[in-house]
Every structure is written in structure tokens, then in C-alpha cells.
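Beneath this line is the structure, given in C-alpha cells, with notes to follow.
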Amino acid sequence: MQGQVDIPLDAVGQWQVRQTAAALKDLYVDRRPETDERIIVCSDLSRAHATAQAFADVLDGAEVHDDP
């Protein structure tokens, strides 16, 4: 049922998201400063939105758009 049932991120998932977001900033953002607009599209499940929002937070205000 995973992928269709709205199961929130557990503590391990939250830690993984924070680690991945930090790596994303180091690998992508710091190397692409000329990119002005950043948009993150995710599913409307809460864990997907939480992950996208964590990435947006390190991407200096990227917009998160849910795509049901």
C-alpha cells in the first residue's frame, strides 16, 4: 500500500531527508548560482511534500508544488 496510503516520514526518513537536502545544496546549488528560479514538484502525499519542503528550504526559497 505504500505509495497510495498517506504515511508520514518516520524519524529515519526525516534524518535521510535532511542529509540528502544538505548534499543537494553542496552538489547542485553551490555550483549553479546563476539559476534564479527553482521549483520542486511532488506528489500530494505528506511524506513527499515534507521531503520537497526540506529540499526547498536549502534551495533558498524554492517553490513546492503538489501534483496530485
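All you need for this note's numbering is the position in the sequence shown, starting with 1, plus 938. For each residue, glycine too, the CB sits at the ideal point set by N, CA and C.
CA-to-CA distance, residue j to residue i, given in whole angstroms
{"i": "Asp1004", "j": "Thr958", "result": "20 Å"}
{"i": "Asp948", "j": "Leu997", "result": "23 Å"}
{"i": "Ser981", "j": "Ala990", "result": "9 Å"}
{"i": "Pro946", "j": "Ser984", "result": "6 Å"}
{"i": "Ala988", "j": "Glu972", "result": "26 Å"}
With 16 other Cβ atoms within 10 Å as the buried cut-off, status of residue i
{"i": "Arg956", "result": "exposed"}
{"i": "Ala960", "result": "exposed"}
{"i": "Val979", "result": "exposed"}
{"i": "Val1013", "result": "The displayed coordinates of the chain run from 939 to 1006. Any statement about residue 1013 would go beyond what the structure contains."}
Distance cut-off 7 Å: residue i Cβ against heavy atoms of the ligand SAM
{"i": "Asp995", "result": "The model on display carries no ligand, and the ligand SAM is accordingly not part of it."}
Bridge partners - residue i, DSSP secondary structure assignment
{"i": "His987", "result": "Looking at the DSSP assignment, His987 forms no beta bridge with any residue, so it has no partner."}
7 Å CB neighbourhood of residue i in its chain, flanking five on each side removed
{"i": "Ile977", "result": "Ala1000, Glu1001, His1003"}
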